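Residue numbers (this note's numbering): 107 to 260. Below is one structure, written out as structure tokens, with a few remarks after it.
Right under this line is the structure:
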């Protein structure tokens, strides 16, 4: 398991989220029976950057909290060169949006960032929330990971 972290936010210390995200992704990978080696990247950005990406890739001219870019989007198969990690894709999180949502929902920034990261991870694994059934399944997966880390909704 390799997680590549980056941040476009020099004023923010996003390293505080890294170990928690690693633990969450290990749990999520176990749930999905994802075998090592695999790799995912996570970028922390501001609302302006994620709004640009949202416009470019989804045609929605507004910021959002998290975007996921699965590596296997076209054919449903993960590409993996022999001896190299399986590239799952990229997750982009707006830290500004996460801060707003944490305050709105009355929980910690760590829980919100972790939720967004796990949400993005399950998107990379092929889950979606286009129908009520899909949303219910995805939320149950997300909550099981958060609960295991002591950050579930009680």
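By construction, the Cβ of each residue, glycine as well, lies at the ideal position given by its N, Cα and C atoms. Every value quoted in this text rests on a predicted model; they were computed, and no experiment measured them.
Original post:
Taking three-plus beta-carbon pairs below 8 Å as touching, is the stretch 230–240 in contact with the stretch 209–218?
Top reply: The stretch 230–240, when compared against the stretch 209–218, does not touch it at the 8 Å Cβ threshold.
**OP:** Out of 166, 202, 144, 188, point me to the one whose CA is closest to residue 151's CA.
**Re:** Translated into positions along the chain shown, residue 151 becomes position 45. For residue 151, the nearest C-alpha among the options comes from 202.
Subject >> Burial state of residue 154 (16 or more Cβ within 10 Å) >> reply: Locating residue 154 in the chain shown gives position 48, where the first residue counts as 1. The residue in question, residue 154, is exposed, as its Cβ has fewer than 16 Cβ neighbours within 10 Å.
Original post:
Comparing alpha-carbon positions, which option in 257, 170, 247 lies nearest residue 139?
Top reply: Numbered from 1 along the chain shown, position 33 holds the residue referred to as residue 139. Taking only the C-alpha atoms, the option nearest residue 139 is 247.
Original post:
What residues match up with residue 191 in a beta bridge as DSSP calls it?
Top reply: What you label residue 191 is simply residue 85 of the chain shown in a count that begins at 1. Answer is none; residue 191 lacks a bridge partner.
Subject >> Proximal residues to residue 174 (C-beta, below 6 Å), its chain only, five neighbours per side dropped >> reply: For the purposes of this step, residue 174 is taken as residue 68 along the chain shown, with counting starting at 1. Once the five neighbours on either side are set aside, the close Cβ partners of residue 174 are 197, 226, 229, 230.
**OP:** Would you check if the distance between the CB atom of residue 135 and the CB atom of residue 251 is smaller than 8 Å?
**Re:** The count along the chain shown starts at 1 and reaches residue 135 at position 29. The count along the chain shown starts at 1 and reaches residue 251 at position 145. Not closer than 8 Å, so no.
Original post:
residue 130: buried (16+ other C-beta within 10 angstroms of its C-beta) or exposed?
Top reply: Taking the chain shown and counting its residues from 1, the one referred to as residue 130 is at position 24. Buried, by the Cβ-count rule.
**OP:** May I ask which residues mark the beginning and end of the beta strand (DSSP E) holding residue 173?
**Re:** The residue labelled residue 173 in the question sits at position 67 within the chain shown. Its beta strand (DSSP E) spans residues 172–176.
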